[in-house]
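Quick note, the sequences are listed as chains C and G, same order.
Residues in the first sequence are numbered consecutively from 4, following our numbering.
Residues in the second sequence are numbered consecutively from 4, following our numbering.
There are 2 protein chains.
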Amino acid sequence: MRGDQSTAWEQGRKRRSRSGALDAMLVRLLLKGFSGVPLGFVLWDGTRLPLETARPVVWIQVHDRQSLLKLALNPDLQFGELYSAGRLDVDGSLVELGKAIYRVSLTSTVRSPLAAVLRFVNRPSGNAEQQSRENIHHHYDIGNDFYRLWLDRQLVYTCAYFADPAMTLEAAQVSKMDYVCRKLDLRPGDRVAEAGCGWGALALHMARHYGAQVRAFNISTSQLAYARERARTEGLSDRVEFVEGDYREIEGEYDAFVSVGMLEHVGPRHYRDLGRVVDRVLTPAGRGLIHSIGSSISAPMNPWIERHIFPGGYTPTVREMMEMLEPFHFAVLDVENLRQHYARTLEHWLARYEQHVDEVHAMFDEPFVRAWRLYLSGSIAAFHSGALQLFQVLFNRTGAGDVAWTRAVIYRD
Amino acid sequence: MRGDQSTAWEQGRKRRSRSGALDAMLVRLLLKGFSGVPLGFVLWDGTRLPLETARPVVWIQVHDRQSLLKLALNPDLQFGELYSAGRLDVDGSLVELGKAIYRVSLTSTVRSPLAAVLRFVNRPSGNAEQQSRENIHHHYDIGNDFYRLWLDRQLVYTCAYFADPAMTLEAAQVSKMDYVCRKLDLRPGDRVAEAGCGWGALALHMARHYGAQVRAFNISTSQLAYARERARTEGLSDRVEFVEGDYREIEGEYDAFVSVGMLEHVGPRHYRDLGRVVDRVLTPAGRGLIHSIGSSISAPMNPWIERHIFPGGYTPTVREMMEMLEPFHFAVLDVENLRQHYARTLEHWLARYEQHVDEVHAMFDEPFVRAWRLYLSGSIAAFHSGALQLFQVLFNRTGAGDVAWTRAVIYRD
Numbered sequence: 004m005r006g007d008q009s010t011a012w013e014q015g016r017k018r019r020s021r022s023g024a025l026d027a028m029l030v031r032l033l034l035k036g037f038s039g040v041p042l043g044f045v046l047w048d049g050t051r052l053p054l055e056t057a058r059p060v061v062w063i064q065v066h067d068r069q070s071l072l073k074l075a076l077n078p079d080l081q082f083g084e085l086y087s088a089g090r091l092d093v094d095g096s097l098v099e100l101g102k103a104i105y106r107v108s109l110t111s112t113v114r115s116p117l118a119a120v121l122r123f124v125n126r127p128s129g130n131a132e133q134q135s136r137e138n139i140h141h142h143y144d145i146g147n148d149f150y151r152l153w154l155d156r157q158l159v160y161t162c163a164y165f166a167d168p169a170m171t172l173e174a175a176q177v178s179k180m181d182y183v184c185r186k187l188d189l190r191p192g193d194r195v196a197e198a199g200c201g202w203g204a205l206a207l208h209m210a211r212h213y214g215a216q217v218r219a220f221n222i223s224t225s226q227l228a229y230a231r232e233r234a235r236t237e238g239l240s241d242r243v244e245f246v247e248g249d250y251r252e253i254e255g256e257y258d259a260f261v262s263v264g265m266l267e268h269v270g271p272r273h274y275r276d277l278g279r280v281v282d283r284v285l286t287p288a289g290r291g292l293i294h295s296i297g298s299s300i301s302a303p304m305n306p307w308i309e310r311h312i313f314p315g316g317y318t319p320t321v322r323e324m325m326e327m328l329e330p331f332h333f334a335v336l337d338v339e340n341l342r343q344h345y346a347r348t349l350e351h352w353l354a355r356y357e358q359h360v361d362e363v364h365a366m367f368d369e370p371f372v373r374a375w376r377l378y379l380s381g382s383i384a385a386f387h388s389g390a391l392q393l394f395q396v397l398f399n400r401t402g403a404g405d406v407a408w409t410r411a412v413i414y415r416d
Numbered sequence: 004m005r006g007d008q009s010t011a012w013e014q015g016r017k018r019r020s021r022s023g024a025l026d027a028m029l030v031r032l033l034l035k036g037f038s039g040v041p042l043g044f045v046l047w048d049g050t051r052l053p054l055e056t057a058r059p060v061v062w063i064q065v066h067d068r069q070s071l072l073k074l075a076l077n078p079d080l081q082f083g084e085l086y087s088a089g090r091l092d093v094d095g096s097l098v099e100l101g102k103a104i105y106r107v108s109l110t111s112t113v114r115s116p117l118a119a120v121l122r123f124v125n126r127p128s129g130n131a132e133q134q135s136r137e138n139i140h141h142h143y144d145i146g147n148d149f150y151r152l153w154l155d156r157q158l159v160y161t162c163a164y165f166a167d168p169a170m171t172l173e174a175a176q177v178s179k180m181d182y183v184c185r186k187l188d189l190r191p192g193d194r195v196a197e198a199g200c201g202w203g204a205l206a207l208h209m210a211r212h213y214g215a216q217v218r219a220f221n222i223s224t225s226q227l228a229y230a231r232e233r234a235r236t237e238g239l240s241d242r243v244e245f246v247e248g249d250y251r252e253i254e255g256e257y258d259a260f261v262s263v264g265m266l267e268h269v270g271p272r273h274y275r276d277l278g279r280v281v282d283r284v285l286t287p288a289g290r291g292l293i294h295s296i297g298s299s300i301s302a303p304m305n306p307w308i309e310r311h312i313f314p315g316g317y318t319p320t321v322r323e324m325m326e327m328l329e330p331f332h333f334a335v336l337d338v339e340n341l342r343q344h345y346a347r348t349l350e351h352w353l354a355r356y357e358q359h360v361d362e363v364h365a366m367f368d369e370p371f372v373r374a375w376r377l378y379l380s381g382s383i384a385a386f387h388s389g390a391l392q393l394f395q396v397l398f399n400r401t402g403a404g405d406v407a408w409t410r411a412v413i414y415r416d
């Protein structure tokens with residue numbers, strides 16, 4: 004792993020020209036945007052900047068002048084681009100660097116006007132059905148073998164719930180599935196629609212442990228193939244149907260509607276469409292739960308993540324999430340913020356990823372390996388710092404009677 | 004109680020003229036707006052309408068033609084006006100009538116265009132400071148002796164929390180105060196700002212049981228006098244300061260901000276002002292909790308309630324509540340809907356009110372007695388049916404670290 008970085012570093016040294024006053028100015032510009040972050044730069048000729056401050060905790064090594072220029076012009080996007088390409092390295096912890104940057108950016112009101120313009124340009128335009136399919140294939144059809152290397156045994160690729168902070172990732176994913184079922188007050192025989200079912204773990208869990216009859220929708224073909232095979236071998240095919248389809252294609256009548264980790268891909272312009280679907284299929288006494296990455300601040304995703312990891316992704320505020328509920332007179336019953344649990348989940352994922360990084364190398368090229376390391380590390384930092392939040396929103400139809408009297412039942416063993 | 008109704012009824016009979024086709028048409032118009040409600044009308048000459056349906060569960064007795072006309076033109080406002088004035092009576096349960104009406108109005112998409120216009124005209128215009136004072140005096144300075152007749156011992160005039168549905172009102176109000184303190188993770192020495200403290204029960208509870216240092220703000224002079232006297236006799240004056248002031252006047256620095264049952268009086272145009280106050284006074288690690296009546300649907304209060312009970316009142320949706328949090332980058336940690344607990348609270352209040360109605364009669368005139376009966380009965384119906392909701396919103400600054408790991412701690416004994 005370090006080997007490749009050294010190679011890039013050596014290449015940088017070879018094509019180096021002495022850094023000068025202009026480069027120092029670009030570094031100062033960059034540091035201004037990250038003021039308060041214990042950060043230094045090492046340029047291609049070995050120059051360390053800033054000269055004046057205490058020793059930085061993290062050094063960003065920039066291997067050529069063009070990369071420095073790109074970084075200065077659009078750090079949000081280019082940090083990821085350059086890091087993936089090996090034109091930039093980090094001497095120190097990527098996670099700690101991310102946390103420090105997010106901490107500063109969340110408390111500071113100073114934002115680069117250039118960054119604001121770029122954010123606006125990058126703002127996702129909403130996901131029509133065909134575009135959704137392309138976006139989802141981009142991320143989820145990389146191959147089950149890749150995800151198997153670092154997810155839990157059941158391939159649950161969403162925030163776990165660590166009822167006890169010390170529990171294993173496997174246990175915390177089961178704990179999350181139970182938590183969702185308890186919030187939904189799931190009963191034997193309940194008909195459930197799941198929108199965006201991933202590799203099917205939750206759908207199968209609901210059928211096996213709660214006696215639910217589940218129709219689970221997904222547009223990722225490789226995930227669906229995996230989920231159907233699991234249902235078959237586990238003898239649950241009569242109780243769980245995996246349907247290739249977008250949330251817009253959900254038909255029928257259901258006692259519960261659940262979606263864990265799909266709203267991020269829906270795009271805010273389509274929240275109302277999603278609400279309309281739920282309104283169409285939910286029984287009068289039905290319950291719904293939406294679990295989604297969110298934000299405290301209405302802003303587009305990081306442009307690098309949006310470009311390479313989650314095309315079309317958007318992380319809404321609670322206010323924005325209401326766009327799918329309020330027009331259809333759904334009543335909000337419970338909103339919970341689980342961002343700390345996502346930081347913990349991602350720490351497990353990153354640790355497993357690094358344990359298996361040689362296998363990832365055998366499957367993909369170096370930029371892919373680096374991109375995923377950055378994505379996992381940056382996400383830990385984002386959830387830890389609060390730049391990203393994780394909301395579970397429980398709702399039902401206004402006036403429907405059968406809500407739990409208190410939430411204490413969720414926490415009873 | 005029945006005596007006065009009979010008198011009104013007799014007066015109606017005296018000034019009756021035979022009801023005719025026009026009156027029947029008005030009744031049909033009214034019944035159209037309440038289609039599905041098991042409702043009948045008894046007119047001043049004894050005519051019962053509708054003729055064709057099964058025996059209604061509730062009869063509305065209209066004592067004169069002018070009242071029928073007023074009711075048909077603006078039922079939302081005039082039902083309360085006419086009932087209070089004794090020009091209309093209900094043979095059957097006011098609560099059940101209310102529930103049935105709300106059930107229909109929440110599920111029906113048919114609304115009288117006239118009603119919509121009237122709602123718009125009645126929309127509250129936001130509460131400047133002087134207006135706030137007048138509105139609050141209207142309701143809360145009626146006199147402590149009146150509220151003492153039917154509230155709990157500590158005069159808590161907000162939704163209780165029935166951890167156990169069978170607990171007494173006194174216990175449920177204490178349970179609510181503990182619930183709020185637990186959600187806020189209140190610790191000894193914490194400085195708390197309370198906006199809109201009523202008769203001071205929560206402020207005193209926080210100081211006595213959680214070791215908090217509380218500054219509690221209120222603009223109702225009679226409530227403040229009561230609260231200060233309690234602090235003095237209970238030896239808590241050094242730990243609780245009751246300040247005559249609007250939420251806009253809160254200064255200082257606090258580890259927690261709490262407001263229970265005030266947002267309803269703030270008016271949506273001022274949510275941002277309230278958020279600005281919280282942003283100004285809350286420490287970086289501070290927590291906030293807003294407890295407010297709300298709604299699933301963005302709409303003004305019932306015009307009769309707004310005119311006579313809560314001038315300037317407004318019950319926001321979750322989306323609307325976010326206007327006080329999102330602009331200041333507060334992170335939503337927890338939203339809970341406690342509407343069923345408010346219905347239960349109001350049932351206790353109404354039962355006590357009726358037990359002490361002779362004492363109310365000795366203090367106030369008949370229209371007042373009837374108005375409060377209608378208000379309490381209608382509110383039970385509104386919370387029971389979901390026309391009104393009760394939201395507790397817990398928040399902190401985005402990225403602040405010291406949030407409970409799970410909510411299970413709130414429910415541990």
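For each residue, glycine too, the CB sits at the ideal point set by N, CA and C.
Around E267/C, no beta-carbon contact reaches into chain G at under 8 Å, the shortest distance being about 17 Å. Contact note: Q392/C reaches chain G through A334, using a C-beta cutoff of 7 Å and chain order. Under the DSSP assignment, F220/G falls in the beta strand (DSSP E) whose first and last residues are Q216 to N221. A straight line joining the alpha-carbon of R347/G with that of A374/G spans about 20 Å. Put simply, the CB of R21/G is far from chain C, with every gap to its CB atoms at 8 Å or more.
The DSSP assignment places complete alpha helix (DSSP H) segments of no fewer than 4 residues inside the segment 131-214 of chain C at 132-143, 147-151, 172-186 and 204-213, in order along the chain.
Against chain G, a Cβ distance below 9 Å from V183/C picks out nothing, because the smallest value is about 14 Å. Collapsing the DSSP output to three states places A334/G in a strand. Taken through DSSP and simplified to helix, strand or coil, F260/G comes out as strand. Per DSSP, G316/G is not a residue of any alpha helix (DSSP H), being assigned neither H nor E. For R376/C, the enclosing alpha helix (DSSP H) begins and ends at E369 to S388. Put simply, the segment 172-181 of chain C does not touch the segment 189-197 of chain C. Fewer than three CB pairs are less than 8 Å apart. In the DSSP assignment, H351/G falls within the unbroken alpha helix (DSSP H) covering R342 to Q358. By the Cβ-count criterion, M304/G is buried, with 16 or more other Cβ atoms from all chains shown falling within 10 Å of its own Cβ. V65/C is bridged by DSSP to L91/C.
M304/C does not reach chain G, its nearest Cβ partner there being about 16 Å away, counting only Cβ pairs nearer than 9 Å. The DSSP-derived three-state label of F37/C is coil.
Exclusion of the five residues before and after G404/G leaves A288 as the residues of its chain whose Cβ lies within less than 8 Å of its Cβ. Judged by DSSP secondary structure, H268/G falls within the alpha helix (DSSP H) whose first and last residues are L266 to V269. Here the C-alpha atom of L152/C lies approximately 21 Å from the C-alpha atom of L207/C.
In summary, V335/G is buried, with 16 or more beta-carbon neighbours lying within 10 Å of its beta-carbon over all protein chains present. Taking 8 Å as the cut-off, the beta carbon of S295/C is found no closer than this to the beta carbon of F333/G. Within a 10 Å sphere around the beta-carbon of R283/C sit fewer than 16 other beta-carbons, which makes this residue exposed. At a beta-carbon threshold of 9 Å, none of the residues of chain G lie near R279/C; the nearest stands roughly 14 Å away. Taken residue by residue, none of the segment 236-264 of chain G has a beta-carbon sitting less than 7 Å from a beta-carbon on chain C.
One alpha carbon belongs to E244/G, the other to A204/G, and they sit about 13 Å apart. The beta-carbon separation of R68/C and D26/C, rounded to 6 Å, stays under the 8 Å limit for a contact.
The three-state secondary structure of V45/C, taken from DSSP, is strand. Taking 8 Å as the CB threshold, M325/G lines the interface with chain C. Taken through DSSP and simplified to helix, strand or coil, A403/G comes out as coil.
Interface with chain C (8 Å Cβ-Cβ cutoff): V177/G is excluded. The C-beta of V93/G has 16 or more other C-beta atoms within 10 Å across all chains shown, which makes the residue buried. Only those residues of the segment 350-372 of chain C whose C-beta falls short of 7 Å from the nearest C-beta of chain G would be listed, and there are none. Taking the C-beta atoms as reference points, S22/G is found nearer than 8 Å to L46/G.
In the structure shown, T50/C falls within a coil segment according to DSSP collapsed to helix, strand and coil.
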